[in-house]
Every structure is written in C-alpha cells, then in structure tokens.
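This report concerns only the one structure given below.
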Amino acid sequence: MKYISTRGKAETLDFEGVTMAGLARDGGLYVPESLPTLSADDIRALSGLSYADVAFRIIRPFVAGSLTDAELKAMLDKTYGAAFRHPATAPLVQLGANDWVLELFHGPTLAFKDFALQLLGRFFDHFTAKRGQKLTILGATSGDTGSAAIEGCRGRDNVSIFMLHPKGRVSEVQRRQMTTVIEANVVNIAIDGTFDDCQALVKACFNDHAFRDRVGLTAVNSINWARVMAQIVYYFTAAVALGAPERPVSFSVPTGNFGDIFAGYIAKSMGLNIEKLVIATNSNDILARTLKTGRYERGDVFATLSPSMDIQISSNFERFLFDLAGRSGAGVEAYMDALAAEGGFTLEAGHYAALKAMFAAERVDDTATSDTMKAVFAATGYVADPHTAVGIRAAADCLPATGAPRVTLATAHPAKFGDAVKAATGVDPVLPAHMADLFAREERYITLANDKDALMARVLEGGWS
Ligand SMILES: *Cc1c(COP(=O)(O)O)cnc(C)c1O
Numbered sequence: 076m077k078y079i080s081t082r083g084k085a086e087t088l089d090f091e092g093v094t095m096a097g098l099a100r101d102g103g104l105y106v107p108e109s110l111p112t113l114s115a116d117d118i119r120a121l122s123g124l125s126y127a128d129v130a131f132r133i134i135r136p137f138v139a140g141s142l143t144d145a146e147l148k149a150m151l152d153k154t155y156g157a158a159f160r161h162p163a164t165a166p167l168v169q170l171g172a173n174d175w176v177l178e179l180f181h182g183p184t185l186a187f188k189d190f191a192l193q194l195l196g197r198f199f200d201h202f203t204a205k206r207g208q209k210l211t212i213l214g215a216t217s218g219d220t221g222s223a224a225i226e227g228c229r230g231r232d233n234v235s236i237f238m239l240h241p242k243g244r245v246s247e248v249q250r251r252q253m254t255t256v257i258e259a260n261v262v263n264i265a266i267d268g269t270f271d272d273c274q275a276l277v278k279a280c281f282n283d284h285a286f287r288d289r290v291g292l293t294a295v296n297s298i299n300w301a302r303v304m305a306q307i308v309y310y311f312t313a314a315v316a317l318g319a320p321e322r323p324v325s326f327s328v329p330t331g332n333f334g335d336i337f338a339g340y341i342a343k344s345m346g347l348n349i350e351k352l353v354i355a356t357n358s359n360d361i362l363a364r365t366l367k368t369g370r371y372e373r374g375d376v377f378a379t380l381s382p383s384m385d386i387q388i389s390s391n392f393e394r395f396l397f398d399l400a401g402r403s404g405a406g407v408e409a410y411m412d413a414l415a416a417e418g419g420f421t422l423e424a425g426h427y428a429a430l431k432a433m434f435a436a437e438r439v440d441d442t443a444t445s446d447t448m449k450a451v452f453a454a455t456g457y458v459a460d461p462h463t464a465v466g467i468r469a470a471a472d473c474l475p476a477t478g479a480p481r482v483t484l485a486t487a488h489p490a491k492f493g494d495a496v497k498a499a500t501g502v503d504p505v506l507p508a509h510m511a512d513l514f515a516r517e518e519r520y521i522t523l524a525n526d527k528d529a530l531m532a533r534v535l536e537g538g539w540s
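Numbering (this note's numbering), first residue to last: 76 to 540.
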C-alpha cells in the first residue's frame with residue numbers, strides 16, 4: 076500500500092514510512108493512494124469473528140508490504156485480546172428500540188483513543204527495532220491523549236515519551252492516569268502555563284530540525300494515519316452485529332479533531348452500508364457551522380463539560396477536503412492558504428453539496444449535554460459520559476427514530492468525568508477495578524517553566540535512569 080500527501084508535494088511512502096513520519100514534509104497529511112474495498116460477501120463473512128480477527132481483515136491491506144500476516148496478527152491479538160477488559164472489546168449496548176451505544180472505553184485508559192494508541196505503540200516498537208532506531212515522542216495533552224499515548228508506549232525498548240500537561244489545569248483523574256505510570260521511558264512534565272503554551276513548546280521543538288533529528292522526534296496525535304486506520308475496525312464490527320450488509324446503519328460520533336468520524340467515512344468508502352454519519356460537537360462547533368453555512372471558519376475555544384472536544388480547528392478535516400477537491404493537492408492548498416491568511420474559507424458549491432450528502436451535524440451545548448445525561452439515565456438507567464451524551468443528543472436530533480439503527484460512539488467511561496456525570500444524574504460513577512486504587516498510587520512528574528531551552532535540555536537527558 077502506498078500513501079500520498081494531501082498537499083501533493085511530499086514523497087510517496089509505505090505504511091512503515093507514514094507511521095514513523097506522522098506529518099508529511101509538505102505540511103500535508105498522508106492518505107492511502109487508493110482504498111481497499113469489501114464486497115457484501117466479505118462483510119457477511121465478518122459475522123461471528125473476534126474483534127482481533129475482524130481487525131486483521133480490515134487492516135491487512137493497509138499495511139501490505141510493511142508487515143507480514145503473522146506479524147500483524149500477533150500484534151492485533153495482543154492489543155485487542157489482553158489490553159481491553161470486555162470480551163467483545165467494543166460492545167454494543169441497546170438504549171431504545173432503534174438506539175445503541177458502542178462502548179469504546181474498555182481499554183487501559185477508559186477512552187476510545189486506546190484502540191489506536193495501544194496498536195501504534197506496537198508499530199513503533201516493531202519498526203524501530205527493525206531499523207535499529209530510537210524514537211522520542213513529545214506531546215502536549217489537555218486530557219485523554221496523553222494517558223492513552225503513555226499506556227501505548229510504556230516499557231517499550233526504543234521509545235521514550237515526554238508528555239506535557241498544563242500544571243493544575245487537568246483533572247486529577249487525568250493527571251494521575253499519566254503520572255502514576257512509573258517507567259524508565261515515561262517522563263511527565265507539568266508546565267507552568269496553559270495548554271496552548273504546552274502546544275507551542277512542542278511545536279517549537281519540532282521546528283528545530285537539528286534537535287528533531289538528534290532525538291528522533293515523532294508525534295502521536297491523530298495526524299498519524301495509523302490512528303485513523305485502527306478506528307475503521309469498530310464501524311465494521313458494530314454494523315455487522317446490527318445486520319450489515321443487509322441492513323444500513325447510521326453513526327453519531329462525538330467529534331473534535333475529525334479523526335474518529337473520518338474513520339467512519341473510510342469504512343463507508345470501503346463498502347460498509349452506512350446511511351448517515353453525524354458530526355456531534357459541543358459549543359466548539361466549527362464543523363456544525365460549516366455544515367450549516369458552507370464556510371469553515373475558526374472561532375474562539377470554549378471550555379465545556381466535554382473537554383476532549385474543545386478544539387476549533389479539526390486537523391483531519393483536511394483528509395476529507397482532499398477527497399472533496401478530487402484528490403488535488405493544489406485544491407487543498409488553496410483552502411489551507413485561505414485558512415492561514417483569513418482564518419477561514421468558503422467551500423465551492425459542489426464540495427459543499429458533497430459534504431452535506433455525506434454528513435449531518437449538530438451542536439450540543441453544556442445545558443443540552445447535562446439534560447441528555449439526566450434523561451437517558453431516567454429512561455434507561457444508563458450512565459453516559461458528557462462526550463457520549465453529546466453524541467446521543469445529536470443522533471436524536473439528526474436521525475429519524477424509525478430509520479436505520481442509530482449507533483452513538485461512547486468515547487469515554489463516565490468515571491473519567493465523574494463531576495459532570497454526578498451533577499446531571501446524581502450517580503457517582505466508580506472507576507473500574509483495575510483503576511480503583513488510582514488515588515493511592517505514587518506519582519512521578521517534574522515541573523518546568525514555560526521555556527523551550529529547559530524543555531529541550533530535559534528531553535536530551537532521556538528517560539529516568
Ligand atoms: C479525543 C476524544 C474525542 C474526539 O475525537 P476526535 O477523533 O478528535 O474527533 C471525543 N471523545 C473523547 C472522550 C475523546 O477523548
């Protein structure tokens with residue numbers, strides 16, 4: 076499988092190359108040159124397989140030439156067998172006659188990002204060993220990504236991970252999920268500053284090419300194609316469980332960076348019978364506004380009850396734009412230049428029509444999020460986290476009650492956002508058994524000033540000895 080950049084000017088790479096590179100050298104994102112497709116019979120044959128076996132059939136063509144079948148199979152069995160604490164890995168729970176949630180929070184850090192980052196850690200391990208290279212992962216987190224990345228990379232031989240968080244500005248559960256991982260290759264750094272300061276520091280390190288090459292810097296955010304790829308799988312397992320290919324399904328996806336829902340679009344493009352994909356956003360509604368007006372325009376970032384979606388620029392939208400623009404790098408570049416220069420761009424009429432044909436979108440504010448948590452609990456006894464509640468509400472608003480089954484992706488465990496859940500439902504959600512002692516565990520992190528030189532010096536020192 077070959078991968079090309081959405082800006083059309085970077086070198087074509089294989090799967091190993093795009094996994095190690097993250098971002099393309101021309102500033103674009105890597106996408107497959109062409110997509111594999113599954114026939115109705117191929118999809119029917121997924122019925123009854125384990126999650127890991129479905130993953131093998133879906134992922135195999137994307138890694139062709141970079142991993143053997145035996146290597147891939149071993150990685151998938153380890154990832155989706157042991158690391159997820161539910162026999163179905165991604166179970167469906169029925170909430171109403173035509174409504175389901177797809178629980179994606181049974182991994183080690185209780186958020187859907189584990190599906191991709193558990194696997195990405197194994198890819199890094201494999202490719203660094205093969206190349207005799209070391210990698211340094213540097214990231215900034217306001218919550219879920221940091222802990223999922225740390226869990227995916229902990230204890231891996233050739234990988235060190237440095238994760239920045241804004242001091243005193245992440246929840247205690249989220250901080251402890253990162254700082255209680257005591258491993259030589261995991262360094263947590265609290266920065267005296269905001270999340271934006273943390274991101275700016277990371278960017279500064281990446282822009283220093285000498286430093287970047289010296290430590291083998293790489294990123295784990297959802298610009299990495301391997302993350303999107305891993306997320307395609309659960310659209311297939313859910314749809315097949317609900318009757319695909321005979322019966323269509325619709326999905327509602329709590330969305331921030333457009334990574335998870337883009338994986339749904341890829342599943343549909345590969346032949347899965349998805350009727351509608353709903354972009355569910357909180358008050359950070361750039362995508363919902365784009366659907367309504369045809370103009371993609373940056374806005375202010377608001378803090379909400381669903382903080383993992385408090386994002387105003389959805390990086391993976393560029394991958395969809397590339398398809399809208401007829402897979403033209405020049406077309407994407409024109410849009411992105413306007414975004415940089417004017418803070419927004421207006422979609423061409425044909426592109427706007429194609430966007431609306433593929434997606435619906437709904438903005439769900441904090442009041443509606445709390446009301447939904449409360450109403451779902453009253454009607455069914457189900458306790459949804461705030462991100463999931465945004466999705467459930469958007470599904471109800473955008474999709475007909477008697478059409479295709481409505482599946483909302485449940486992206487986080489309610490105990491990760493216990494305060495908001497308790498305020499809405501009166502229920503104090505408990506952490507699963509493997510994390511019950513989280514508040515008693517030892518923490519290890521250092522604090523640094525908002526200073527690039529201090530950060531670089533610490534990264535050069537390497538992991539803990
Ligand atoms: C990251 C995250 C999202 C948003 O996913 P994107 O791929 O960025 O759209 C939604 N919910 C939770 C709980 C998350 O951690």
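Ideal Cβ positions, reconstructed from N, Cα and C, are used throughout, including at glycine.
Check whether residue i and residue j have beta carbons under 9 Å apart
| i | j | result |
| --- | --- | --- |
| K367 | C473 | no |
| A436 | A363 | yes |
| M238 | N263 | yes |
| L177 | A313 | yes |
| N233 | F187 | no |
| A338 | Q306 | yes |
| K527 | A279 | yes |
| S325 | V129 | no |
| G334 | N282 | no |
| M345 | T112 | yes |
| R438 | T356 | yes |
| I118 | A319 | yes |
| D460 | F159 | no |
| S358 | S217 | no |
| M150 | P107 | no |
| F434 | A499 | no |
| I388 | I361 | yes |
Nearest to residue i (by Cα), restricted to the options the options
| i | options | result |
| --- | --- | --- |
| R250 | D219, V439, T463, D101 | D219 |
| L142 | G171, R370, T94 | T94 |
| H426 | K153, T112, T463, E393 | E393 |
| I224 | A490, V256, A470 | Looking at the sequence provided, one finds Ala at residue 224 rather than Ile. Selected option, being the one with the closest Cα: V256. |
| S109 | G102, D117, D512, D89 | D89 |
| G52 | N359, P323, M433, V376 | Past the boundaries of the shown model lies residue 52; the chain is included only from 76 to 540, so the question cannot be answered. |
| A429 | A415, K449, F397 | F397 |
| D152 | G140, D267, V168, I134 | I134 |
| A191 | I298, L317, V534 | I298 |
| E423 | R370, A453, T447, A508 | R370 |
| Y105 | A115, D116, S114, G92 | G92 |
| I189 | Y155, T211, F202, K343 | Rather than Ile, the amino acid found at residue 189 in this sequence is Asp. With distances taken between Cα atoms, D189 lies closest to Y155. |
| V315 | A115, R229, H488, P241 | A115 |
| R302 | R132, L98, N348 | L98 |
| W539 | R229, A165, G123 | R229 |
Ligand 1 heavy atom lying under 8 Å from the CB of residue i
| i | result |
| --- | --- |
| A405 | no |
| F187 | yes |
| P480 | no |
| N233 | no |
| A487 | yes |
| M384 | yes |
| F333 | yes |
| N359 | no |
| V451 | no |
| P329 | yes |
| T220 | yes |
| S389 | yes |
| H462 | yes |
| S381 | yes |
| I118 | no |
Spatial distance of residue i from residue j (CA atoms)
| i | j | result |
| --- | --- | --- |
| V465 | R206 | 43 Å |
| S235 | D174 | 42 Å |
| A471 | Y310 | 19 Å |
| D494 | N525 | 29 Å |
| K497 | L194 | 33 Å |
| L513 | L185 | 13 Å |
| S445 | Q169 | 20 Å |
| G227 | G102 | 26 Å |
| D272 | G83 | 31 Å |
| A511 | V505 | 8 Å |
| K449 | A476 | 20 Å |
| L484 | T463 | 7 Å |
| M411 | E417 | 10 Å |
| T254 | S381 | 22 Å |
| T522 | K209 | 25 Å |
| K431 | K491 | 33 Å |
| D503 | P489 | 9 Å |
Closer than 8 Å: residue i CB and nearest ligand 3 heavy atom
| i | result |
| --- | --- |
| S297 | Inclusion of ligand 3 in the displayed structure is not the case, the ligand content consisting of ligand 1 alone. |
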